[in-house]
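If you're matching positions, the sequence shown starts at 0 in numbering that gives the first Met the number 0 and goes up one per residue.
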Amino acid sequence: MENFTLKQFAPSNKLPSQSLFIEASAGTGKTYTIQLMVAKLISLGTPLKKILIVTYTEKAAGELKDRIRKKIDEVLVNRKIDKSDETEQPLSDAELTLFTKAYQDVDNAAIFTIHSFCQKALKEFAYDAGRPFDMSMIDDKEVNDLIEKFIRDNWSNDKDFNLLLDFEEKTSSFIRDLKEKFIKAINAYKGSDSNSKEVIPLDKIEEISVLGYTLSTEDKRKIAEAEKFDDIKKFPAYSKAFEILKGSPDHRFGSTAKKSIKNFTDTLGKWEKGASLYSGSEFKDGKYLQTNWQPDVYESFVAFKVLNNFLKNFNDILLNNFLIAQTPIVFDEWQKHKTDMKVQSFNDMILSVHQAVLDNSKGDSPLKTRLRAQYTYAIIDEFQDTNQLQWDIFSAVFDKIFVVGDPKQSIYSFQGADVNVYQKAIQEIKNGMSLKTNFRSTKGIIDGCNELFKGSFFTPYEGSTKLINFEGSLSPDKEGQIKALPQINGKEVAPIWISQQDIEETDFAQATVQKIVEWCSFVGNKTVLQVFDKKDCTKLRNVTFKDFAILARSRSEMEEIEDAMRAAGVPFSRYKDSNLFSSRECAEWIALFKAIDAPDFSAWNRRLLSEALITDFFRISCQEIEYVESEAFDDPENPVRKKINAWQELAQKRRYAEMLERIYSDTQIEERLTEISKLQNLAKLRQIGNYAVEYLYNHNCSLEDTVRHLEALASYSTGADDEDGNLIEKSTDYDAVQIMTIHASKGLEFPIVISVAGFKQRYTQDSGPFLYHDQNEIKLGFGDTARQKRAQEELEEWKRLFYVDFTRASSILILPRYKKWYGSNKVKDEFKFLESSIKELIQADEQRDSDKKLTTTLPTLENWDPNTLKQSVRNNILKPLNEKSGAGAVLTNEEIAQNIAQQKINMASLQGKIATASIMQFSYSTLSGKADSQIESDDGSNINPNGDDTTATQTTAVKISDIDKEVKNCTIAFNEELDYQTNLNETAKKFPRGSHAGNALHRIFENTKFMEFGEKNKTLEQALANPKTQNLIEEEFKRESLPIWNHHEAWHDIATRYTWNTLNARLPEIAGSTTTSETFALVDIPESDHKPEVQFNQNASEKDILWRFCKGFIDLLFVRPINGQKYYSILDWKSDMLENNVYTPDALKEKVDNDYSIQRVLYSYCLIQWLKQFYGEGTDENLSESKIFEKHFGGIYYAFIRGTEGGTSKGIYAQTWESYDKLEKAYQKVKKLMSKTSNKEGK
């Protein structure tokens, strides 16, 4: 295939007229090529919105959108599509205009996953797809209820089902396994198309026939119950077959075989239950029998061959036949149930689009026509991960489709990917190009991998189809693109390091850890190993721990090398560690939180104290735990008791963030975990602690609730409500070796890759159903044939997994040759390709003319000395790094303690200056924190800005309670007829809380036209039935990664109620410093008079404008006429859940006073400043700030959306000020929080 170029993609500078496939090997710039294609299409007049791009994951879709935005921006700057192409002519002004328009459209670009594309198509063109408009989401696992209904109501009288039950010893286990198989089958099976042809054909039922007679269910039962061969002969067909065989006693089972038919019939006659009918090795079927025996004799032999298999496996055969017969019935009933309930699964979205675009029963598909009109071109990324349904959709809809993929990286068959479809599709497209140049790796890695993969690696196993035609990658040849080869102590080294043969996994782990320490060590200003610098690939740079990636097939393969790194003091971090909450660190937080939450430590609660004290926070040994039971611990002055009491006080005041930091400082746990090998533990500890505090604040819950939540996460309980979005992020800030699975590494690159994969044998699926290929057609089966074919296909995918593994390296690749690859006398089948390929690479390297070898041997350690390595890490790696960074050496415990003590002094000094010092930018939370902050020394006394102890309350900090004492509360007074408590049912309690839910609710209001909403939803019932409202809610919850599809009806109902109640709540009318007697609702305000998310930047001082400002967004600005004047008001949506769900006027005021006093001052003051441009000096009205306040300020409102009720004032807080002077006075107090004093600025 030719190498891809833009000139070939769009010949003669005209739009492409045919489809294209691009085969892109690892590191060849696949994503960049997609950017070029999109840019070229734009330059030729195709609007960005007419280009559909489909990729594999939501993350990839987001990254691709960002890349395309950058590419368009680059084109606008350089006037070139490919800035590296010196022959490309600059774009014209008219062409640049196309890119300007495209830049504006990037946020709305059609970049989707296959699921989001299908979801959008079904939502926009529901009528054309023949689907309801208001489909909710459901998980296909919910089919479990339907299967139970079938078991109870349909199959209880089914003969085949009852036959299965009769031969099962444990009915409950059988029913559980049956349901599991049906759930898998329903997810894999796709039903039939409009022509009644199965989309994925099921295996045929395995019938048992004897001389033309097919056994019935009752026949099978009697055969299964047979005790001896005479029972079998009671069946006329078998009796006849037996007599036919006896009529040819001298027929032999081969030209030289000793066994005859007489031997065979004698063996049959001796059969008794529990044994095989005969030995297949003694009486073999084959061509000789088919050729030399009479047809009826051979047919009779085959009848007993089939019977032999049935007697051995009758349970499995009966079960498989039952599954094959019932799967289509259950599937159709499940689809009907979902249609009736107006719900769909993710699988259904693809299936529905597939059925709609392929349905030509009434002419061209309406949906296909719609999609063709919407998109001119389709670009399919990661095409090797597609399947037949997806390809059917794309090929049916688009005349011109561009697919980009690499069949060598197809490793997701367990998620439905089908590399066979890739091969079939490119044969249909025919027009192909390739990306051959590897821009990721050095020439050594490229040449080494070419040798590794070109021979035995991709040679298919016997019986498997050849799917990969490997072509080697090329190295870049342009100046500035050729990467510097790795060097050790200034000398170039081979890129591929291979262990000795028959190495144990522990020995390999220790040898590679030895190399990590050795290569990261400093000699002078350079590390022993140097690799190319990505900023300038022609130059070398030092390596650090995070340049090393350890790739494993499974987590269990990581343990050996983790143990070795832990022993040697090498820091490491598991990529996307999903076991955070099952860690020891989580258990320790749970124990500590329980102790803090305990009302006392008497009786049973003493146990809670014991559990807390043996954690790393206190480190009291189990032998010393009797100390807890002593009277000494009941002393109020006991130092441990005092610490816990202090934390309890902070928890009771809901000062959780301060509690967390006090725990760290009081226990000095961070000092103990500063040792480099324990940084992973410290990262986990910090991460869980931060998560717990965020959970406490976001959910307005108690420590007890948080403990229950952490315990549920630790046990993977279904009751764990972690649906507020992805609150947990893996810490990667510190320098550590990265460990991950090969699947997780796809798309990533690392200077040094250590492959530890391969000492755990490949997982083989042992229960059906199985998707497999037969003559290039995918099928679904349950039996041995399906299992064996699936196993063969997985073995081929196993090779592709290692291809991904090895191609992550850019400078050095380290490979094992494990002892476990070898059996007693030969290499095990699943490792043959690895062993042979590595051997061929070594042999080819020995014959190379070049003096630059591709391989070298990884030395085996004679003596594993982790303590020496630990010292080396400290002295030869960490110490030089610290000295270079200016941090100084932190080697001894004494030095660590000195540094920590100095940091405490610095922190106290810094915090003491908070009231007068300034940072670059403030949020409201930082201002609030500054206003209330006071620093305590270790003995509990306060520290003033000069660092002096004082017991007085003197502080330069501004008290929040002092900021706006002159506020005028306009909230409608308490009404005894109203119930101000929001009573939550069980469904409402499960509605998500936290920042993600708050963001979703905010955007629902932002995207709602108030008056239109009110006109179309006069009642709450109308709102609940409005599909437009439901669609908006669903989109915003999904945007925040909240799984609304699992709680569709409940969450829609609650969110709709919040929306309707808030927009129909009654707000008191404010005019300047007074209130009128009128009220209004937000639904009374037309769209032109309300604007969401208004940004402001407020200078704290006229000086240093760019250095100190407060920045924020006002949720809602709206204007209303009062007595002929326009009054401008501010409203902030609050999703907070107040204590005990009580939203009385006093509770609202307390909440706003405590949490939003600074915010309301800034909002109101900024509004007056903004209004000066319309009504201030020099305008027609020429008003002073005080007059603007009285004539145009409409107050500030807080809508607590969880407590509102339509038609009432519940949940609405309103206020103004006695005068503008009072507002100005409050603002000046806030201003002090943002300003530096002159004497500090010079320091």
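Ideal Cβ positions, reconstructed from N, Cα and C, are used throughout, including at glycine. Bear in mind that the values here come from a model prediction, so they are computed numbers and not experimental data.
- Message: Could you compute how far the alpha carbon of I137 sits from the alpha carbon of E1005?
- Response: For the purposes of this step, residue 137 is taken as the residue at position 138 of the sequence shown. For the purposes of this step, residue 1005 is taken as the residue at position 1006 of the sequence shown. Rounded to whole angstroms, I137 to E1005 spans 28 Å at the Cα level.
- Whole alpha helix (DSSP H) runs in the region 983 to 1038 with 4 or more residues, listed along the chain? 985 to 988, 994 to 1005, 1009 to 1015, 1019 to 1023 and 1026 to 1038
- Can you have a look at S1183 and say buried or exposed, based on whether 16 or more other CB atoms are within 10 angstroms of its CB? Stepping through the sequence shown from its first residue, residue 1183 is reached at position 1184. The residue in question, S1183, is exposed, as its Cβ has fewer than 16 Cβ neighbours within 10 Å.
- Message: Among D804, K838 and E1223, whose alpha-carbon lies nearest the alpha-carbon of G26?
- Response: Working through the sequence shown from its first residue, we reach residue 26 at position 27. G26 has its Cα closest to that of D804, out of D804, K838 and E1223.
- Give the DSSP bridge partners of W496, in chain order. Sequence index remark: in the sequence shown, residue 496 carries index 497 (1-based). BP columns for W496 point to I813 and T855.
- Which listed residue (Q870, Y1057, D532 and P635) has its alpha carbon closest to that of S809: Residue 809 sits at position 810 when you count from the first residue of the sequence shown. If we check each option's Cα against that of S809, D532 comes out closest.
- So, helix, strand or coil for A1225, using DSSP? Numbered from 1 along the sequence shown, position 1226 holds the residue referred to as residue 1225. Looking at A1225 - three-state DSSP - the assignment turns out to be helix.
- Considering L612, what are the terminal residues of the alpha helix (DSSP H) in which it resides? The sequence position of residue 612 within the sequence shown is 613, counting from 1. From DSSP, the alpha helix (DSSP H) with L612 extends over R605 to L612.
- According to the neighbour-count rule (16 or more other Cβ atoms, all chains shown, within 10 Å of its Cβ), is T386 buried or exposed? Locating residue 386 in the sequence shown gives position 387, counting from the first residue. Before going further, note that residue 386 is Asn rather than Thr in the sequence given. Buried: at least 16 other Cβ atoms inside 10 Å.
- Just the Cα atoms here: how many angstroms apart are I1157 and N874? Along the sequence shown, read from residue 1 onward, the residue named residue 1157 stands at position 1158. Along the sequence shown, read from residue 1 onward, the residue named residue 874 stands at position 875. Whole-angstrom Cα-Cα distance: 50 Å.
- Determine, using beta carbons only, whether F616 and E660 come nearer to each other than 8 Å. Taking the first residue of the sequence shown as position 1, residue 616 is located at position 617. Taking the first residue of the sequence shown as position 1, residue 660 is located at position 661. Cβ distance not < 8 Å, so F616 and E660 don't count as in contact.
- Looking only at DSSP bridge pairs, what is W1132 linked to? To locate residue 1132, count along the sequence shown from 1; it is residue 1133. Paired residues: A1198.
- Query: Taking S433 as the reference, which of I444, E427, K442 and P406 has the closest Cα?
  - Reply: To locate residue 433, count along the sequence shown from 1; it is residue 434. Residue P406 is the option with its Cα nearest to S433.
- Item | Own chain residues within Cβ distance below 6 Å of A508, not counting five before or after | The count along the sequence shown starts at 1 and reaches residue 508 at position 509. Hits under 6 Å: E559, I560 and A563.
- Query: When you compare each of I204, T264, S195 and D157 to E217 by their alpha carbons, which one comes out closest?
  - Reply: Along the sequence shown, read from residue 1 onward, the residue named residue 217 stands at position 218. Residue D157 is the option with its Cα nearest to E217.
- Item | N-terminal and C-terminal residue of the alpha helix (DSSP H) that C700 is part of | Sequence index remark: in the sequence shown, residue 700 carries index 701 (1-based). Note, C700: premise wrong, no alpha helix (DSSP H); not H, not E.
- Is it buried or exposed for V76, if we count other Cβ within 10 angstroms and need 16 for buried? If you number the sequence shown from 1, residue 76 lands on position 77. With fewer than 16 other Cβ atoms within 10 Å, it is exposed.
- Message: Check whether chain B comes within 8 Å of F330, counting only Cβ atoms and requiring the distance to be less than that.
- Response: Of the chains in the structure shown, none is chain B; there is only one protein chain.
- Just checking my contact of I497 with I199 at CB under 8 Å: how many whole Å lie between their CB atoms? Mapped onto the sequence shown, residue 497 falls at position 498. Mapped onto the sequence shown, residue 199 falls at position 200. Actually they do not touch by this definition, with Cβ atoms about 43 Å apart.
- Query: From this set, E1034, D1083, A594 and G443, which residue's C-alpha is nearest T855's C-alpha?
  - Reply: For the purposes of this step, residue 855 is taken as residue 856 along the sequence shown, with counting starting at 1. Considering only alpha carbons, the answer is G443.
- Message: By DSSP's criteria, L550 is part of a beta bridge. Which residues make up the other side?
- Response: In the sequence shown, the residue the question calls residue 550 occupies position 551. The partner list for L550 (beta bridge, DSSP) reads M739 and S754.
- Query: Does the beta-carbon distance from I811 to P865 come in below 8 Å?
  - Reply: For the purposes of this step, residue 811 is taken as the residue at position 812 of the sequence shown. For the purposes of this step, residue 865 is taken as the residue at position 866 of the sequence shown. Contact flag unset, no.
- Message: Could you tell me which whole beta strand (DSSP E) segments of length 3 or greater appear in the region 161 to 200?
- Response: none
- Message: Nearest by alpha-carbon distance to D446: which of L840, E1048, K1171 and I1167 is it?
- Response: Here residue 446 refers to the residue found at position 447 when the sequence shown is read from its first residue. Here the closest residue by C-alpha is L840.
- Message: Given a cut-off of 8 Å on the beta-carbon distance, is the pair D398 and H353 in contact?
- Response: Locating residue 398 in the sequence shown gives position 399, where the first residue counts as 1. Locating residue 353 in the sequence shown gives position 354, where the first residue counts as 1. Not in contact: D398 and H353 (Cβ atoms no closer than 8 Å).
- For F457 and F1036, the rounded distance between their alpha carbons: Start at 1 with the first residue of the sequence shown, and residue 1036 comes out as number 1037. Start at 1 with the first residue of the sequence shown, and residue 457 comes out as number 458. Taking the straight line from one Cα to the other gives about 45 Å.
- Message: Tell me the rounded alpha-carbon separation between A9 and E197.
- Response: Numbered from its first residue, the sequence shown carries residue 9 at position 10. Numbered from its first residue, the sequence shown carries residue 197 at position 198. Using only the alpha carbons, I get a separation of about 39 Å.
- Task: Report the three-state DSSP secondary structure of D532 (helix, strand or coil).
- Result: Position 533 of the sequence shown, counted from the start, is the residue given in the question as residue 532. D532: strand per DSSP, three-state reduction.
- Message: If you reduce the DSSP assignment to three classes, tell me which class W518 lands in.
- Response: Taking the first residue of the sequence shown as 1, we reach residue 518 at position 519. It is helical.
- Rounded Cβ spacing between N483 and C585 (contact assumed at less than 8 Å): In the sequence shown, the residue the question calls residue 483 occupies position 484. In the sequence shown, the residue the question calls residue 585 occupies position 586. As written in the sequence, residue 483 is Ala, which differs from the Asn given in the question. Their Cβ separation, rounded to whole angstroms, is 44 Å, which puts A483 and C585 out of contact at 8 Å.
- Task: Using the Cα positions of T62 and I378, report the straight-line distance between them to the nearest angstrom.
- Result: Numbered from its first residue, the sequence shown carries residue 62 at position 63. Numbered from its first residue, the sequence shown carries residue 378 at position 379. As written in the sequence, residue 62 is Glu, which differs from the Thr given in the question. One C-alpha to the other measures close to 15 Å.
- Given a threshold of 16 other Cβ atoms within 10 Å of its Cβ, counted over all protein chains shown, does I207 qualify as buried or as exposed? The sequence position of residue 207 within the sequence shown is 208, counting from 1. Burial call: buried.
- Query: Between the Cα of R554 and the Cα atoms of N524, A743 and K465, which residue gives the shortest distance?
  - Reply: The residue you call residue 554 lines up with position 555 of the sequence shown. Checking every option, the nearest Cα to that of R554 belongs to A743.
- DSSP beta-bridge partners of Y376: Looking up residue 376 in the sequence shown gives position 377. Answer by DSSP bridge pairing, in chain order: I50.
- Message: Using C-beta distances below 8 Å, list every residue in its chain close to E503, excluding the 5 sequence neighbours before and after it, in chain order.
- Response: Your numbering for residue 503 matches position 504 in the sequence shown. Closer than 8 Å at Cβ, skipping near neighbours: Y817 and K818.
- Message: Could you tell me the alpha carbon to alpha carbon distance between W1059 and N107, rounded to whole angstroms?
- Response: Translated into positions along the sequence shown, residue 1059 becomes position 1060. Translated into positions along the sequence shown, residue 107 becomes position 108. When rounded, the distance between both Cα atoms is 28 Å.
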